[in-house]
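Data block below; observations after.
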Amino acid sequence: MRVTKTNNMARQLRIATTAAAASLLAAAAHAAAPGITGTSFHLDAQAAYITQPDGASIYSWGYGCASPPGGYAPTAVAGATCPDMQLPGPTLIVNQGATVTVTLTNSLPAQAGRTSMLFPGFEVTASGGVDGLLTKEAQTAGTVTYTFKADSPGTHSYYSGTQSDLQVEMGLYGAIIVVPTLSGRVATACSNSSNDRARAHDFGTGVEQDFRLASAAYDHAATCYDREYLFQLSEIDPKIHLAAEAIATCTTAGNGGASCPANMNSVATEQYHPVYFLVNGRSMPDDMDPNYASQYPHQPYNGNPHMHPGETTLLRIIGQGRWQHPLHEHGNHVRLLARDGNLLLAPNVLEGESEPRLAGPLLFTTTTTPGQAMDGIFYWTGRGLNWDVFGHGYVGDPSVCHPDANGYYTEDPTAQNYYEWCGDHNKPLEAHPFGNVGNGGPMTLPDPNIVANGAWYGGSPYLGGEATTRAVGTTPIPPSGTIANDPGGEAGFAFMWHSHNEREITTNNIFPGGMMMMMLVDPRAYLIDESK
Ligand SMILES: [Cu+2]
154 MRVTKTNNMA RQLRIATTAA AASLLAAAAH AAAPGITGTS FHLDAQAAYI
204 TQPDGASIYS WGYGCASPPG GYAPTAVAGA TCPDMQLPGP TLIVNQGATV
254 TVTLTNSLPA QAGRTSMLFP GFEVTASGGV DGLLTKEAQT AGTVTYTFKA
304 DSPGTHSYYS GTQSDLQVEM GLYGAIIVVP TLSGRVATAC SNSSNDRARA
354 HDFGTGVEQD FRLASAAYDH AATCYDREYL FQLSEIDPKI HLAAEAIATC
404 TTAGNGGASC PANMNSVATE QYHPVYFLVN GRSMPDDMDP NYASQYPHQP
454 YNGNPHMHPG ETTLLRIIGQ GRWQHPLHEH GNHVRLLARD GNLLLAPNVL
504 EGESEPRLAG PLLFTTTTTP GQAMDGIFYW TGRGLNWDVF GHGYVGDPSV
554 CHPDANGYYT EDPTAQNYYE WCGDHNKPLE AHPFGNVGNG GPMTLPDPNI
604 VANGAWYGGS PYLGGEATTR AVGTTPIPPS GTIANDPGGE AGFAFMWHSH
654 NEREITTNNI FPGGMMMMML VDPRAYLIDE SK
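My numbering applies: residue 154 is where the sequence shown begins, and numbers increase by one.
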């Protein structure tokens, strides 16, 4: 009876907080690595205003679709669009081996002069346009066509090759994902992964949709993955954008009768003082709103990773700005797979094995380098926390945690404690289900009448469908129930993924903001829907 009562209270509290906070934080928005598909892309470089969470509207340049793309991927992502200008530019999702054609039209203001696109790592043939320093360039209202073979799988960047100190800063950059051609051996190995089985029976409550572009990042059996997210890190110095805007909108009358600058050469790109730090063109908390959210018509991509325990998550990370950004993924290290589409492999094949082993380093921070792309694998299991996060002794059979060869419980993909670290099973033994050390729980929770939980603190040391009801302390108000983490629907563990240059987790010098996301580990009881 007590449980029912507190549940009702929790629901009332939740309604109150949700109504107040709905416009600030969207609880149901998840990520994915969305983009446009095909072999022939018609892009337009043009100006538009992007927005930042401090209310700033920033004059920027970006790539958009000059005509509708061949398609969108992953197809399950809702509301996909390709606006006439977006920042970052459309993510081009192509198949390995395809001949890709990108036709670029220069619709930038005339004072911006020429523009172009570089596709580093690919052998590009350019036609049309005029000769530039690095490639053929499109003159104002003109076009240029780039053709290359997508022979290198993985994550790549593209960006302007013309006056790039200004044009890249203004937003002319984007990503290419080359979906690998998989050998039968790798495809079989990846489709039989335990997590594929888990997805098909997610906690026995339903079938989770597959949001992957492929089942492996590369044609290597150790690169299978379960989810993927693309993060493009960049920064904005508004002084540069204001100077460019002043020239683009200049009129002789407004300029006191003096003639307006004919080009952007007077825009100073040094000293460089960025104050906006972006993940996929948005700052925290905007990056947690859905992909293609209507309030960001020129910033369609979000950054809001979710995963279940034990899932291998492919991180595609690109440094798109001028600075390095030490992206720190809390919860575990990242195993680097590849840089710029080059899989990092051991030099030799070990005896009895069919392919060289992966040789990428384990990284505490995945520090971006301007223009460089990397692929890495992240997973979270709760190993080493020293308590039983699943609280498996409370529901189900307390005796079941048979470790596999790696020490995890992977016997039954439909079990709620799937991928539990068996070394912590039933630790500590709980005499009572309350999160209270005196009662045998792993920690004493703060009294919710005295301490307000933060937006990202669920208040429960447990991960699971009953995390809320189990974490009730001595005060009969459930400590769980945050505005961003509805315990009735989710009850995950939140980990901050952010730049470790701490100034970069501000928006115009106000914390929190900037280059920050909250990664949520969701219990198996909760189906992750990346379609929003
Ligand atoms: Cu950190």
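We put the beta carbon where it would ideally sit given N, CA and C, even for glycine.
_Comparing C-alpha positions only, which one of Asn-444, Ala-568 and Ala-200 sits nearest to Pro-262?_
Ala-200
*asked:* When you compare the region 474 to 491 with the region 391 to 401, are there three or more beta-carbon pairs, one atom per stretch, that lie closer than 8 Å?
replied: no
_Backbone secondary structure at His-486 - three-state DSSP_ = coil
*Counting only the same chain and skipping the five closest in sequence on each side, list residues whose C-beta sits under 7 Å from that of Tyr-561.*
Gly-463, Thr-534, Tyr-572, Glu-573, Trp-574 and Cys-575
*asked:* Comparing C-alpha positions only, which one of Gly-223, Gln-205, Asp-197 and Gln-239 sits nearest to His-451?
replied: Gln-239
*Please confirm whether Leu-245 and Phe-301 have their CB atoms less than 7 Å apart.*
no
_Three-state secondary structure assigned by DSSP to Ile-400_ = helix
*Within the structure, which residues are defined as neighbours of ligand 1 by a Cβ-heavy atom distance below 7 Å, reported in chain order?*
His-481, His-483, Met-649, His-651 and His-653
_Same chain only: Cβ atoms within 7 Å of Ile-203, ignoring 5 sequence neighbours per side_ = Ile-211, Ser-213, Leu-240, Gly-434, His-451 and Gln-452
*Do the CB positions of Gly-314 and Gly-242 come within less than 7 Å of each other?*
no
*Between which two residues does the alpha helix (DSSP H) harbouring Gly-560 extend?*
Neither: Gly-560 is in no alpha helix (DSSP H) and is coded neither H nor E.
*asked:* Can you tell me whether Val-283 is buried or exposed? The criterion is at least 16 other CB atoms within 10 Å of its CB, across all chains shown.
replied: exposed
*Where DSSP assigns a beta bridge to Gln-199, which residues make up the other side?*
Gly-215
*Limits of the alpha helix (DSSP H) - the one that Gln-320 falls within*: 317 to 323
*Looking only at its own chain, which residues have a Cβ that is under 6 Å from the Cβ of Pro-414, when we skip the five neighbours before and after it?*
Ile-400
*Please state whether DSSP places Glu-290 in a helix, a strand or coil.*
strand
*Starting from Ala-340, follow the alpha helix (DSSP H) in both directions and report where the run begins and ends.*
337 to 344
*Host beta strand (DSSP E) of Lys-302 (start-end)*: 296 to 302
*asked:* Contact between the region 226 to 238 and the region 295 to 312 is defined here as three or more beta-carbon pairs at a separation below 8 Å; is this criterion met?
replied: no
*Can you tell which of Ser-652, Ser-280, Ala-231 and Asp-372 has the C-alpha that lies nearest to the C-alpha of Phe-517?*
Ser-652
*Examine the Cβ distances between the region 498 to 510 and the region 406 to 413 and report whether three or more of them are shorter than 8 Å.*
no
*Count the other CB atoms within 10 Å of the CB of Ala-584; is the residue buried (16 or more) or exposed (fewer)?*
Only weak support exists for where Ala-584 lies, its pLDDT of 45 falling under 50; the value from the coordinates is given anyway. With fewer than 16 other Cβ atoms within 10 Å, it is exposed.
*Given a cut-off of 7 Å, decide if Arg-536 and Thr-466 are closer than it, judged by their beta-carbon atoms.*
no
*CB-CB under 8 Å to Ser-176, same chain, minus the five flanking residues each way: which ones, in chain order?*
For Ser-176, the pLDDT reaches just 32, beneath the cut-off of 50, and the residue's location in the model is therefore unreliable, although a value from the coordinates is still provided. Nothing listed; no residue qualifies.
*Classify Leu-493 as helix, strand or coil using the three-state DSSP reduction.*
Before going further, note that residue 493 is Asp rather than Leu in the sequence given. Residue state, collapsed to three classes: coil.
*Hey, how far is the Cα of Glu-290 from the Cα of Asn-248?*
26 Å
*asked:* Would you call the region 652 to 667 in contact with the region 486 to 500, where contact means no fewer than 3 C-beta pairs closer than 8 Å?
replied: no
*Assigned exposure category for Asn-457 - 16 Cβ within 10 Å defines buried*: buried
*Does the distance from the CB of Gly-285 to the CB of Thr-296 come in under 7 Å?*
no
*Between Lys-580, Val-277 and Asn-485, which lies nearest to Leu-287 when the distance is taken from Cα to Cα?*
Val-277
*Report yes if the C-beta distance between Ile-485 and Phe-531 is below 7 Å; otherwise report no.*
With the sequence shown as reference, residue 485 is identified as Asn, and Ile is not the correct amino acid for it. Their beta carbons are under 7 Å apart, which means Asn-485 touches Phe-531 by this criterion.
_For Ala-446, the three-state DSSP class (helix, strand or coil)_ = coil
*Which of helix, strand or coil does DSSP assign to Cys-575?*
helix
*For my contact list, Ala-370 and Pro-427 are in at a C-beta cut-off of 8 Å; report their separation, rounded to the angstrom.*
About 31 Å; that fails the 8 Å criterion.
*Counterpart residues of Ala-279 in DSSP-defined beta bridges*: Tyr-299
*Hey, is Asp-207 close to ligand 3, as in C-beta under 6 Å from one of its heavy atoms?*
Although ligand 3 was asked about, the structure shown includes only ligand 1 as ligands.
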